[in-house]
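As structure tokens, the structure follows; a few thoughts come after it.
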Amino acid sequence: MKLIEEMLEREQAPTILKLNRLFSMGYMPSRGDESYKVIHKNTNNETTFLVNCMAHSCFNLTNQQLAEFDELDSKNFKQFYWEGEEQSEIYGRILKFVRRTGLKVERTSLSHSVGKGQWKIAVYFIDRVNDERKKPDFHFILQEKDGVWSSKEGSFPYIRYFDIPPKHFISEFGNHKPYKLHEYLMITNPIAQEKAENFANEALQKSQF
């Protein structure tokens, strides 16, 4: 298993480097229609397949940024699990990937407010209660700036919206299986957060003169 982990990390390294460069410049997801130009049907189909639920929720890249990504990057957004693994092992591997891009990931709640340089996601795992033979799988849903939650399944060029994340999510475009809400995560870009705080402090100092 250690050799497999090392091989996976080597494969993921170029994708992580691209994301790390982006977030080190203070990039913050637009979380709005601008980012969905990559998803709207017949708008940009050549890059639609690159974005799965993880890329949509954890990174939320626009067409301009996705121009630097390719099919190998797309594979790295979904290659996190193998047959026979526990959900916790998969989850740890996913969070490690996100953190290696330079982002900070913490547990949070539905009611917790979002600060500067932050966004919130809901985490789901496939419901295996009645069938432990089901292959482990995950899903993420992103909270938009207006508070609405959005979901993208795999490479399908569609977005579903929810006022509140459902406790049980049913896949409509992918495997049509039920997923159960696991927890909420707050993702922070520390660089963007620092820039926002510095800007606010400078504005405050100027207002005092």
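Quick note on our numbering: the sequence shown kicks off at -2 and runs consecutively.
We put the CB at the ideal spot given by N, CA and C, even for glycine.
From a predicted model like this one, the values you see are computed outputs, not experimental measurements.
- Secondary structure remark: continuous alpha helix (DSSP H) runs of at least 4 residues inside the region 46 to 80, in chain order: 60 to 63, 68 to 73.
- With respect to Met183, Glu83 sits apart: the two C-beta atoms are not nearer than 7 Å.
- Cβ-Cβ distances below 6 Å link Ile13 to Arg97, Thr98 in the same chain, with the five nearest sequence neighbours on each side left out; the list follows chain order.
- For the 7 Å CB-CB criterion, Lys34 and Asn57 do not form a contact.
- Take Phe153, set aside five residues on each side of it, and the residues of its chain with a beta-carbon closer than 6 Å to its own are Phe170, in chain order.
- Ala119 and Leu69 have their alpha carbons spaced roughly 26 Å apart.
- Sixteen is the threshold: since fewer than 16 other Cβ atoms of the shown chains lie within 10 Å of the Cβ of Ser85, the residue is exposed.
- Counting along the chain, Tyr88 sits inside the alpha helix (DSSP H) bounded by residues 84 to 97.
- With respect to the 7 Å criterion, Lys149 and His37 are not classified as neighbours on the basis of their beta carbons.
- The residue from Glu2, Phe137, Leu63, Ile161 with its alpha-carbon nearest to that of Lys15 is Leu63.
- Note on Ser108: under 16 other CB atoms within 10 angstroms of its CB, so exposed under the neighbour-count rule.
- By the neighbour-count criterion, in which 16 or more other beta carbons inside 10 Å mark a residue as buried, Met22 falls on the exposed side.
- Cβ-Cβ distances below 6 Å link Phe74 to Asn49, Met51, Ala52 in the same chain, with the five nearest sequence neighbours on each side left out; the list follows chain order.
- Beta-bridge partners of Phe135 (DSSP): Phe122.
- Distance from the Cα of Lys(-1) is smallest, within the candidate group Phe20, Phe122, Leu19, Arg90, for Arg90.
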